[in-house]
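Visitor:
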Amino acid sequence: MRIGIDYTAAVHQRAGIGRYARGLVRALAQLDRENEYLLLVAGRPKEEGTFPPNFRLRYLPLSPHWATVLWQRLRVPLPADLFTGPLDLFHSPDYVLPPLRRGKRVLTIHDLSFLRYPEGADPRLRWYLTQAVPRSIGQADLVLADSQNTKSDLIELLGVEAGRVEVLYPGVEERFHPLSEESLAPVRIRYSLDFPFILSVGTLEPRKNHVGLLQAYSLLREPHRLVIAGGKGWLYEGIFQEVERLSLEERVFFLGYVPEEDLPALYNLADLFVFPSLYEGFGLPPLEAMACGTPVVVSALSSLPEVVGDGALLVPPQEVEALAEAMEKALSDPSLREELRSKGLERAKRFTWSEAAKRLLAIYKRVGGEDG
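Under numbering that gives the first Met the number 0, the first residue of the sequence shown is numbered 0, with each subsequent residue one higher.
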């Protein structure tokens with residue numbers, strides 16, 4: 000088969016869907032030497048990466064912004080396969096499908112936060128997704144969801160038939176594992192982390208519930224500091240206002256966006272990882288922390304119980320005192336810490352990109368009509 004994949008997010012987005020697309024395509028490149036893959040990228044990247052001979056990049060002579068304007072806002076019928084050549088199947092891992100002349104269509108929906116949690120999204124982005132996502136779902140031969148929770152949301156909120164949706168869990172990259180103290184030193188020095196700390200990773204936006212985390216943290220005893228890694232997102236200002244209101248300026252540290260290569264060491268350095276998100280389609284950071292052997296406290300909402308299983312402490316994220324109590328217990332109870340570490344490591348082993356790629360390749364063959 001000739002398989003097209005929208006690789007734009009992988010090239011232009013450092014986190015989120017970019018990491019998802021990179022992880023999936025890298026695993027496919029290790030697994031499949033038979034099918035031909037055309038990776039479509041809007042705009043030319045600074046670095047192209049290295050792929051086997053059956054994986055080739057194809058460039059759309061438009062920036063990601065203008066590709067979205069033409070295809071989704073103006074709905075100009077410029078087929079993506081003009082730039083890739085004829086395709087048997089096209090997969091978009093980023094919510095929307097471009098126009099195509101022919102071929103089967105597979106679409107990945109990571110979450111429906113713009114519908115389930117609309118007050119937490121930029122109104123312009125929410126309007127765009129509300130228009131474009133249902134239209135693309137209608138064009139897709141199969142929709143992939145990151146979790147059973149997202150599949151349920153697709154059925155409930157958009158009326159998608161259950162038989163048109165399959166769950167494909169993302170994976171944890173192999174570089175997330177327990178590291179030696181010696182290998183942690185460069186990251187400890189780079190970020191001046193010479194104190195015990197609690198870690199949270201995620202874009203600074205209301206849905207991630209950093210305000211609730213700050214309120215819970217303010218109830219804890221010393222000596223742990225709170226370290227938050229993540230770029231500024233929609234309505235981030237309230238987070239910094241809460242730090243001032245609670246007089247936590249000397250105890251809370253914002254690292255901003257942290258490069259992918261520093262994350263494994265950061266998880267390893269933390270005494271506790273906390274992820275009190277109000278809504279997730281999957282939730283990779285808790286699994287990454289678990290894979291590094293770090294005890295985890297996580298929200299008991301949306302997809303997160305499905306993802307972490309018994310490998311983390313689950314807490315109602317909007318109950319500040321309950322969140323603080325769980326954090327205190329996970330820091331101070333040695334037997335609980337060892338249990339969380341052991342169960343977390345085992346749970347994380349269930350989610351690998353190699354397994355995701357095997358399942359995806361089987362899906363491609365079935366949808367493309369080559370499953371025997």
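For each residue, glycine too, the CB sits at the ideal point set by N, CA and C.
So is residue 179 in contact with chain C if we call contact Cβ pairs under 8 Å?
Guide: Judged by its chain identifiers, the structure shown contains no chain C, having just a single protein chain.
Visitor: Is residue 371 helix, strand or coil by DSSP?
Guide: For residue 371, the predicted structure reports a pLDDT of 49, less than 50, and the residue's modelled location is therefore unreliable. A value from the coordinates is still provided. Three-state DSSP puts residue 371 in coil, outside helix and strand.
Visitor: Need the endpoints of the alpha helix (DSSP H) that residue 354 sits in, please.
Guide: Residues 352–366.
Visitor: Where DSSP assigns a beta bridge to residue 107, which residues make up the other side?
Guide: According to DSSP, residue 107 bridges with 143.
Visitor: What residues are listed by DSSP as bridge partners for residue 41?
Guide: 59.
Visitor: Starting from residue 165 and walking both ways along the alpha helix (DSSP H), at which residues does that stretch end?
Guide: Residue 165 -> not in any alpha helix (DSSP H); beta strand (DSSP E) instead, spanning 164–166.
Visitor: Report the option in 286, 158, 230 and 154 whose CA atom is closest to the CA atom of residue 252.
Guide: Nearest C-alpha to residue 252: 230.
Visitor: In this structure, does DSSP put residue 341 in helix, strand or coil?
Guide: Of the three classes helix, strand and coil, the one that applies to residue 341 here is helix, per DSSP.
Visitor: Helix, strand or coil for residue 299? Go by DSSP, reduced to three states.
Guide: Coil.
Visitor: If we call anything under 8 Å between Cβ atoms a contact, is residue 138 one with residue 104?
Guide: Yes, these two residues count as a Cβ contact at 8 Å.
Visitor: With DSSP as the reference, label residue 35 as helix, strand or coil.
Guide: Strand.
Visitor: Let me make sure I understand the geometry here. Which of 305, 289, 37 and 315 has the alpha-carbon closest to that of residue 338?
Guide: Checked all of 305, 289, 37 and 315; the closest Cα to residue 338 is 289.
Visitor: Whose C-alpha, out of 360, 363, 309 and 335, is nearest the C-alpha of residue 345?
Guide: Checked all of 360, 363, 309 and 335; the closest Cα to residue 345 is 309.
Visitor: Give the single residue among 69, 241 and 178 whose Cα lies nearest to the Cα of residue 97.
Guide: Of the candidates 69, 241 and 178, the one whose C-alpha sits nearest the C-alpha of residue 97 is 69.
Visitor: What first and last residue would you give for the beta strand (DSSP E) that runs through residue 5?
Guide: From DSSP, the beta strand (DSSP E) with residue 5 extends over 1–5.
Visitor: For a quick check, are the C-beta atoms of residue 232 and residue 284 less than 8 Å apart?
Guide: No, the pair does not count as a contact, with Cβ atoms beyond the cut-off.
Visitor: So, for residue 250: in the same chain, excluding its five sequence neighbours on each side, which residues have a beta-carbon less than 7 Å away from its beta-carbon?
Guide: The answer, listed in chain order, is 224 and 225.
Visitor: Helix or strand or just coil, what does DSSP make of residue 328?
Guide: DSSP places residue 328 in helix when its eight states are reduced to three.
Visitor: Determine the DSSP secondary structure at residue 132, reduced to helix, strand or coil.
Guide: Looking at residue 132 - three-state DSSP - the assignment turns out to be helix.
Visitor: My assumption, with CB atoms under 8 Å, is that residue 350 sits in contact with residue 169. Please give the rounded CB distance.
Guide: With a Cβ gap of about 7 Å, residue 350 and residue 169 count as contacting.
Visitor: DSSP three-state call for residue 348: helix, strand or coil?
Guide: Coil at residue 348, not helix or strand.
Visitor: Apply the 10 Å Cβ neighbour rule to residue 348 and answer buried if 16 or more other Cβ atoms are within range, or exposed otherwise.
Guide: Residue 348 should be labelled exposed.
Visitor: Between the Cα of residue 185 and those of 261, 247 and 238, spot the shortest distance and give me the residue it belongs to.
Guide: Closest by alpha carbon: 261.
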